[in-house]
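Written below as structure tokens is the structure these notes are about.
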Amino acid sequence: MAKETPTFEDNMNHLEQIVNQLENGDVPLEKALSEFKKGVGLSNRLQKTLSQAEHTLTHMETDDDKEVNFNQHSNDDQQNESDKQ
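Each residue of the sequence shown is one higher than the one before, counting from 1 in the UniProt record's numbering.
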């Protein structure tokens, strides 16, 4: 049976649990190091997911399948509005 890939929220919750555990300070050194490594890995995965989401949100495709930077599109709209004034 295939193991389900954790969601962003699952990973975030797991990272929060690790942080809370480490902040309590009642963890043996070896376990603290192991948990810290897990936390760094989770943090990297979360950052990658956020970067991919940001890319998706800041780019859109036009009807002719050319990628357009959403920020540039917004800047063009603002420039057009100021040109009208």
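Ideal Cβ positions, reconstructed from N, Cα and C, are used throughout, including at glycine.
I'd like the list of long-range same chain contacts for residue i, defined as Cβ closer than 8 angstroms, with 5 residues on each side in sequence excluded.
i	result
LEU15	GLY39, LEU42, SER43 and LEU46
VAL27	GLN21 and GLU35
ILE18	GLU35, PHE36, LYS38, GLY39 and LEU42
Less than 7 angstroms between C-beta atoms, sequence neighbours within five positions excluded: which residues of the same chain meet that for residue i?
i	result
THR49	PHE8
ASN11	LEU42, ARG45 and LEU46
Does the beta carbon of residue i fall short of 7 angstroms from some heavy atom of the ligand ZN?
i	result
HIS55	Ligands in the displayed structure: none, and consequently the ligand ZN is not present.
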